[in-house]
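Chemist: Numbering (the working numbering), first residue to last: 79 to 313.
Glycine residues also receive a C-beta, built at the ideal position from the N, C-alpha and C atoms.
One structure is given below, represented as structure tokens, and several questions about it will come after.
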Ligand SMILES: Nc1ncnc2c1ncn2[C@@H]1O[C@H](COP(=O)(O)OP(=O)(O)O)[C@@H](O)[C@H]1O
Ligand SMILES: [Mg+2]
């Protein structure tokens, strides 16, 4: 809980009682000229393809729409602390369950799916959704591990590939895989920042982050159907 006085900047909320969530890092901090522009949509100091410049502008938008605000404390070379303030409620808590429910019907076509994503959390969610649909799932966190699996297990039916990974990108992995297994269906998981590099890749072959479980399953089912219904299936 935090009680705030008059705002010192336009991003801070009006004086009052708030709940405060602070995240602090020991990173590079921000220069005054960067600090002045961080809430501008699409402002980024990251290289092309890395940053969207939408992080902090979205956080500010969310906080303001919730009648709250944001405060940034930053020291160049030392780190940054960002606090989000949300209006405090004096109502009793209501713990209604809002669990997301997936239609956990069994997979239409039994298939083994290889998930390649360096982000443990994203990979885990995708794997949970697909296992819930009775797919057989193999998970790896890097391109190298993916090649190992493809070499040792001949029965992979579909590749779910993070588009932007450090080291070898998903696009490069796909190119290599295609030369050896030209028919293996590949579905790319893509973030906003990948848009520029996605030209030429069929929409049916991509699923944007964040994705809904249903959308992921539909794209996978239709990719598998196209693959399985083809006359012969030498991978
Ligand atoms: N924790 C931080 N430490 C230092 N600089 C930051 C931090 N967060 C944001 N910035 C600066 O603000 C810019 C905009 O941030 P953001 O809106 O999240 O977009 P993005 O991360 O996509 O660049 C970043 O490119 C960076 O220069
Ligand atoms: Mg960011």
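(1) Rank 293, 98 and 259 by C-alpha distance to the C-alpha of residue 231 and give the top, closest one.
(2) Where do the N-terminal and C-terminal ends of the beta strand (DSSP E) with residue 239 fall, by residue?
(3) If you draw a straight line from the C-alpha of residue 144 to the C-alpha of residue 165, how long is it?
(4) Measuring alpha carbon to alpha carbon, tell me which residue in 119, 123, 82 and 109 is nearest residue 132.
(5) Residue ranges of each alpha helix (DSSP H) run of no fewer than 4 residues wholly in the segment 118 to 192, ordered along the chain?
(6) Is it a yes or a no for the segment 106 to 115 touching the segment 149 to 157, going by three-plus beta-carbon pairs under 8 Å?
(7) Considering Cα atoms alone, identify which of 192, 281, 129 and 99 is closest to residue 215.
(8) What residue from 149, 200, 123 and 302 has the CA that sits closest to residue 261's CA?
(9) Would residue 117 and residue 135 be called neighbours here (beta carbons separated by less than 7 Å)?
(10) From which residue to which residue does the alpha helix (DSSP H) around residue 203 run?
(11) List the residues that DSSP assigns as beta-bridge partners of residue 100.
(12) Going by CA-CA distance only, name the one from 200, 218, 272 and 297 that's closest to residue 125.
(13) Per DSSP, residue 257 is paired with what?
(14) Would you decide whether residue 250 is buried or exposed? Buried here means 16 or more other CB atoms lie within 10 Å of its CB.
(15) Roughly how many whole angstroms lie between the Cα atoms of residue 148 and residue 161?
(16) Under 6 Å from any heavy atom of ligand 1, does the C-beta of residue 124 make it?
(17) Are there 16 or more other CB atoms within 10 angstroms of the CB of residue 97, so buried, or fewer, so exposed?
Modeler: The short version:
(1) Nearest of 293, 98 and 259 to residue 231, Cα basis: 259.
(2) For residue 239, the uninterrupted beta strand (DSSP E) run begins and ends at 236 to 240, by DSSP.
(3) Between residue 144 and residue 165, the C-alpha separation is close to 7 Å.
(4) Among 119, 123, 82 and 109, the Cα nearest to that of residue 132 is on 119.
(5) 133 to 143
(6) Three or more beta-carbon pairs drawn from the segment 106 to 115 and the segment 149 to 157 are found closer than 8 Å, and the two stretches are therefore classed as touching.
(7) If we check each option's Cα against that of residue 215, 192 comes out closest.
(8) 302
(9) yes
(10) 198 to 210
(11) 161
(12) 272
(13) Looking at the DSSP assignment, residue 257 forms no beta bridge with any residue, so it has no partner.
(14) exposed
(15) 6 Å
(16) Yes.
(17) exposed
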